[in-house]
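Comments concern the structure below.
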Amino acid sequence: MARSVFRFLSRQPEFPELTGGRYFLRLPDYLDYKQWRVLRQGSREFLQPWEPTWRADELSEASFRVRVSRNRQEYSAGLSVPLFIFDRADMTLLGGITIGHIRKGAAQSCMIGYWMGAQHAGHGHMFAAVALVIPYIFEGLRLHRIEAACIPENERSIRLLEKSGFVQEGLLRKYLKINGEWRDHLMFSLISEDVRPIGKSSAR
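Under the UniProt record's numbering, the first residue of the sequence shown is numbered 1, with each subsequent residue one higher.
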């Protein structure tokens with residue numbers, strides 16, 4: 001069966017679109033390449049300390065097309081929901097947020113990861129995106145638990161998660177290889193019973 005369970009649960013005809021206030025979130029498209037490349041290239045120094053080492057072809061169009069195809073496959077298989085974050089006023093790409101490691105069965109959980117273009121950081125855009133994603137996860141995907149991990153030195157990410165209602169649970173030793181080194185990460189979580197209203201959203 002090729003149909004995504006997410007499409008059935010949220011009554012979406014194909015791919016998810018989340019809107020709220022000035023923001024619009026959707027799966028990446030091939031036509032996003034130019035804007036994505038410019039944003040990522042200009043934000044490399046800002047992003048690299050918190051991401052896996054970039055490949056030599058990281059910003060190539062061929063690599064981006066493979067990424068988009070894989071995103072769609074993983075969404076259709078119920079494995080992840082990778083989303084680009086746009087300003088609805090002019091469809092400027094601001095960054096991205098991914099709902100990944102989706103587990104059904106007894107776990108009913110997922111993990112979120114995110115990135116923001118350097119020039120857009122510090123303006124509340126990611127907080128707004130997280131506020132849109134949380135109800136989509138709990139109500140649309142019908143999951144019970146959201147996890148997020150960040151490097152202890154990433155104070156901006158820690159503040160974002162705490163402001164969004166996440167609770168710190170502990171330290172994961174040498175959890176991910178970031179920028180060429182195995183780094184410890186703090187684990188945060190949010191469960192459906194913890195949710196407090198942090199914004200209104202609509203998804204279709």
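Using N, Cα and C, we set each Cβ at its ideal position, and we do this for glycine too.
Spatial distance of residue i from residue j (CA atoms)
i: His123; j: Gly95; result: 12 Å
i: Glu147; j: Asp184; result: 16 Å
i: Leu132; j: Leu83; result: 11 Å
i: Asp32; j: Ala106; result: 37 Å
i: Arg72; j: Ile137; result: 18 Å
i: Gly165; j: Arg70; result: 31 Å
Local conformation of residue i per DSSP, three classes
i: Arg103; result: strand
i: Phe8; result: In this prediction, Phe8 scores a pLDDT of 39, lower than 50, which makes its location untrustworthy; the coordinate-derived value is nonetheless stated afterwards. Phe8 falls in the helix class under three-state DSSP.
i: His125; result: helix
i: Ser80; result: coil
i: Ala118; result: helix
i: Gly20; result: strand
i: Ser60; result: coil
i: Glu193; result: helix
i: Leu141; result: coil
i: Glu147; result: strand
i: Gly95; result: strand
i: Arg88; result: coil
Chain-order list of residues whose beta-carbon lies under 6 Å from that of residue i (same chain, five-residue window excluded)
i: Ser202; result: With a pLDDT of only 49 at Ser202, under 50, the local geometry of the prediction cannot be trusted, and the value read off the model is given with reservation. The answer, listed in chain order, is Thr19.
i: Phe24; result: Phe86, Arg88
i: Gln35; result: Leu93
i: Phe15; result: Leu27
i: Ser63; result: Asp57
Among the options, nearest to residue i - alpha-carbon criterion
i: Pro28; options: Ser80, Arg156, Leu143, Glu162; result: Ser80
i: Met187; options: Val195, Leu171, Asn179; result: Leu171
i: Asn154; options: Pro16, Glu17, Gln48, Leu39; result: Gln48
i: Gly113; options: Gly165, Lys104, Trp50, Phe138; result: Trp50
i: Lys177; options: Ser69, Arg159, Ala149; result: Ala149
Close Cβ partners of residue i (< 7 Å) along its chain, the five nearest in sequence each way excluded
i: Lys163; result: Phe127
i: Arg22; result: Asp87, Arg88, Ala89
i: Glu169; result: Met187, Phe188, Ser189
Same chain, Cβ closer than 8 Å to residue i, neighbours up to 5 away in sequence not counted
i: Arg103; result: Ser109, Cys110
i: Ile191; result: His144, Arg145, Ile146
i: Arg44; result: Trp54
For the 8 Å Cβ check, are there 3 or more pairs between the region 126 to 140 and the region 47 to 63? At 8 Å Cβ cutoff, the stretches do not touch.
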